[in-house]
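For the sequence shown, the residue numbers in our numbering are 39 to 195.
Below is one structure, written out as structure tokens, with a few remarks after it.
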Amino acid sequence: MFILSGSLVPPVSQSDFRAAIISATEAAKAIAFESIRLSGFQHIKYRSLDGILIVDITTESLNKSDAVELSYELKFLASELHCENHDKVVLNFSHVRDANNAFIEGLLSLQNQVGKGNLFLCEVKPGVLDVLRITHLDRILNICTTESEALEALKKA
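Take a look at the structure:
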């Protein structure tokens, strides 16, 4: 037993604690997805060209809260992609100057949905590239200098 706000709280097993965290995470995801459905994307715009989905990230500086929102938007987009038959995606970072690593989870969800080799990042500025290097994602993600270079690479894939 331990004391929390003057009350005795019984110990919680590790599996119960893990289940509570997963439940809270799923609830947060559901709320975020419903918000996106109701009000649309806040940090991205997307378009399709020759069967390739091009996602423009529109937020200049991804502070922690923006990065978390972007992560949910990318997860939402990834969950919806299978319905639209887009299996090739370009993420254009041309507007983004710097980023917090909180967007990484959404980026990985998107890569898992489209498959390795079918997600390309482009126009990545040094502030974002630093985050990708620190997390070693620059070693596993496809990063191109320009959008046209990414599109050409995906057309060949």
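Backbone N, C-alpha and C define an ideal beta-carbon position, used for all residues, glycine too.
Just so it is clear, the structure is predicted and the values come from calculations on it, not from any experiment.
Using the rule of at least 16 other Cβ atoms within 10 Å of the residue's Cβ for burial, across every protein chain shown, is D104 buried or exposed?
So D104 counts as buried.
Completely contained beta strand (DSSP E) runs for the segment 74 to 152, where each covers 3 or more residues
Segments of the beta strand (DSSP E) lying fully in the segment 74 to 152: 82 to 87, 90 to 95 and 127 to 130.
Cβ atoms of V127 and L91: under 8 Å apart, would you say?
It is a contact, given that the beta carbons lie within the stated cut-off.
Cβ neighbour criterion (16 or more within 10 Å) applied to N156
That one is buried.
Would G144 be called buried (16 or more neighbouring beta carbons within 10 Å of its own) or exposed?
Flag for G144 reads buried.
Check whether the segment 72 to 84 and the segment 159 to 175 touch, using three or more Cβ-Cβ pairs below 8 Å as the test.
Taking 8 Å as the limit for Cβ pairs, the verdict is that the segment 159 to 175 does not touch the segment 72 to 84.
Evaluate E185 with the Cβ neighbour count: other Cβ atoms within 10 Å of its Cβ, from every protein chain shown; 16 or more gives buried, anything less gives exposed.
So E185 counts as buried.
Using DSSP with H/G/I as helix, E/B as strand and the rest coil, what is E190?
Helix at E190.
Using the Cβ count rule (16 or more neighbours within 10 Å means buried), how would you classify A137?
Buried.
First through last residue of the beta strand (DSSP E) which encompasses I172:
Looking at the DSSP string, I172 is not in any beta strand (DSSP E); the run it does join, the alpha helix (DSSP H), is P164 to I172.
Classify R177 as buried or exposed, calling it buried when 16 or more other Cβ atoms lie within 10 Å of its own Cβ.
It is exposed - the Cβ of R177 has fewer than 16 other Cβ atoms within 10 Å.
Considering only their Cβ atoms, is the gap separating L108 from L115 smaller than 8 Å?
Going by C-beta atoms, L115 is not nearer than 8 Å to L108.
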